[in-house]
Amino acid sequence: MYLNDTCAADQPEGSRMLHPLPRTPAQRSADTLNIKDYGAILGDSSGASDIKIIDLLMGNNISKSGRSIQSRILEIPAGRWPHYTIIPKNTADTDFVRVLGRLEMYPYFPVTAHDINMAVPYFGDGVLSETHATMGGGNLEFARVDSNNTNAREYRPAVSFTLVGDTPEEKGNRAIFGQKNVVFNQFTTERNNGNSQNVHERAYYMGLNGAGEFDVNHWNDVQIEGTNWVWANLVTMNEGISFSDGNGPVSPSWLYEEDMSGFGPDTRESAHDPFGSKRKMYWMTTNHNENNDDNSNRDLSWAPDTKFPAGRIIIRTGRAGPVMYRNISGGAVSGKTMPVFPLSFGAQVKDGGITWQNIGIETYDIGCLICIAGGSDARHHERIGTIMAETTDLIYNAVFDFSQAKFDQSVERNIFARLHSDMYLDMTADGTQNGQNNHILGYNSARSSLEYEVRKKPVLEIKDDGTTVISGSLSGADGTVRLSSGLVLAPKTKSEILAVRHPSEPMTYYDTTDHAEVTYRCPGGGSCGWFPVRYGAPLKP
């Protein structure tokens, strides 16, 4: 293309018109290679001659411009490939193939192991192909088969989408909200029939290298270097219209479903040590940058004549290990020489226009690992039936295993769980409505006591003042009770004892009026009453 300053009367002053520069077919073919330009036919009977032309072109596909030698896109128009088993061999000079329509008998690599049965477009070792409407593929498909020795292309993605927004060179519109890199849209109407999938990902891993090779289906690598709110994953599902059959929603919905299957036992250690298992459905680790210091991470280091934003944390290694220092002044520039960073917690030091404050040894806190929150008010109730549940699986260790949990030395008590008042543990539930709330344990705020209830009646109470009340009978397996530390009977006045409703044998109290132990008895099946216990002489040394 060239710039033309003619027709100035038709142009604004100082502007230039762009006009196409005529080029010869040879010049145009230097940009890409179309195999039909070199004699390929792609017809029913042209296979033998076509493959010779294709091999020659793929093996000599370079565009020389100055000192650079670049592989060009090889274009294959719609037609018929010589045979699906014919794969170009000499592809060292070709990285990309573009098929310009439907190609019958296209070459493919058969993935047949484990009943997969997939024909992957295959135009030579390490060649990325763009095809259309292949067998089992999409209307637009990108494929690459690394079959020989493509070390130069290792870790090069077959397809990449990259967006860089609001660069330092951008002068205006910096505050405009919203940039998106890739969007997949799918819409179904009321006439929709059959299953619908917006994005379907399939990964088949058949390597046999054990720990020597890692295969990852999803790798979300999010690096935070600023102060914006950041989500590594954000998933929303909105039921805009609701349908009910009177017993709940007409159709179920899942925000997440994760299915894991296989066969064979896990390690023996997994029966008592969860971390000794080989199979883990969910695995979370909390700090991969543990024990950073100012020598191993440039982003955490001090530097001279450098602007550090307000709140920025750096690391300096002291006698106690890595220590954190926070910029408590506004965004400013550091000095030309490194200051002497104080080792005392809370101490400060000036550094050019910055004030650094010691905020303690290197720490990385996650305030809540798994948090569940919603919103409810008088007009809108958001309810959850069950937060966590398990059924049908056979548990061979424990529902929860925190036997190896470690606590920070600063906490007052090592607490497993916290419950608020009037929240109970149900000990005998069986998954039915009638099986609920028959044996429960919890703190009753109305009676200020920890209680064990049997069918809504407290049988054991431990009150705030330490008093223990047993409402049921106290007996051992053989009908006796053995207490190594002695027994103190519940004290009551005579009038309180006589006022006990529905007494039964062998209830016993200590009568504080007559200073006597009394037992409720029905001698010989006759009249019942409270009988004082007769004592002999007191014990003597």
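First residue of the sequence shown? That's -8 in the working numbering, and the numbers climb one at a time after it.
The beta carbon of each residue, even a glycine, is placed where N, CA and C say it ideally should be.
Only a predicted model underlies this, so the values are computations on that prediction, with no experimental measurement involved.
Contact check for F332 against Y316 passes: the beta carbons are separated by less than 7 Å. Here L410 is exposed, its C-beta having fewer than 16 other C-beta atoms within 10 Å. By a beta-carbon distance limit of 8 Å, F87 contacts I64. Their separation comes to about 5 Å.
For S440, there is no enclosing alpha helix (DSSP H); the residue is part of the beta strand (DSSP E) that begins and ends at S440 to V445. Residue N176 holds the alpha-carbon nearest to the alpha-carbon of Q188 among R182, D456, E249 and N176.
Take the alpha-carbon of D455 and the one of L432: they are about 16 Å apart. Taken in chain order, the complete beta strand (DSSP E) segments of 3 residues or longer contained in the stretch 291 to 338 are 304 to 309 and 312 to 318.
The three-state reading of DSSP puts I431 in strand, counting E and B together. Under the criterion of beta carbons closer than 8 Å, G92 and A69 qualify as touching, at roughly 3 Å. Within the stretch 52 to 110, the beta strand (DSSP E) runs of at least 3 residues that lie entirely inside it are, in chain order, 53 to 56, 59 to 62, 64 to 71, 87 to 95 and 99 to 102. DSSP places E487 within a helical segment (H, G or I) once states are collapsed to three. In chain order, E204 place their CB closer than 6 Å to the CB of G198, counting only its own chain and leaving out the 5 sequence neighbours on each side. D257 is a Cβ neighbour of R270, given a cutoff of 7 Å. Here S120 is bridged, per DSSP, to V88 and A134. For K485, the CB contacts under 6 Å within the same chain, skipping 5 residues up- and downstream, are D502 and T504 in chain order. In the three-state reduction of the DSSP assignment, S151 falls in the coil class, being assigned neither a helical nor a strand state. Residue state for K397 is assigned as coil, using DSSP reduced to three classes. P73 is a Cβ neighbour of G38, given a cutoff of 7 Å. For the options G309, W293, H493 and G312, the alpha carbon positioned closest to that of R303 is the one of W293. The C-beta distance from E452 to S440 rounds to 4 Å, short enough to meet the 8 Å contact threshold. With fewer than 16 other beta carbons inside 10 angstroms of its own, V174 counts as exposed. For I453, the enclosing beta strand (DSSP E) starts and ends at K448 to K454.
The closest CA to that of A364, considering only N81, H105, G129 and I378, is found on I378. Within 10 angstroms of the beta-carbon of W347 lie 16 or more other beta-carbons, which makes it buried.
With respect to the 7 Å criterion, Y75 and M96 are classified as neighbours on the basis of their beta carbons.
Its chain contains N435, P449 and E452 as the residues whose beta carbon lies nearer than 6 Å to that of E442, once the 5 sequence neighbours on both sides are disregarded; these appear in chain order.
Less than 7 Å separates the beta-carbon of G343 from that of V324. Its chain contains G117 as the residues whose beta carbon lies nearer than 6 Å to that of D137, once the 5 sequence neighbours on both sides are disregarded; these appear in chain order. Looking at R71, F266, R135 and I45, the one whose alpha-carbon comes closest to that of A149 is R135.
I44: member of the alpha helix (DSSP H) spanning G38 to G50, first to last residue. Membership of Y526 in any beta strand (DSSP E) is not indicated, and neither H nor E is assigned to it by DSSP.
M49 counts as buried, since at least 16 other C-beta atoms from the protein chains shown sit within 10 angstroms of its C-beta.
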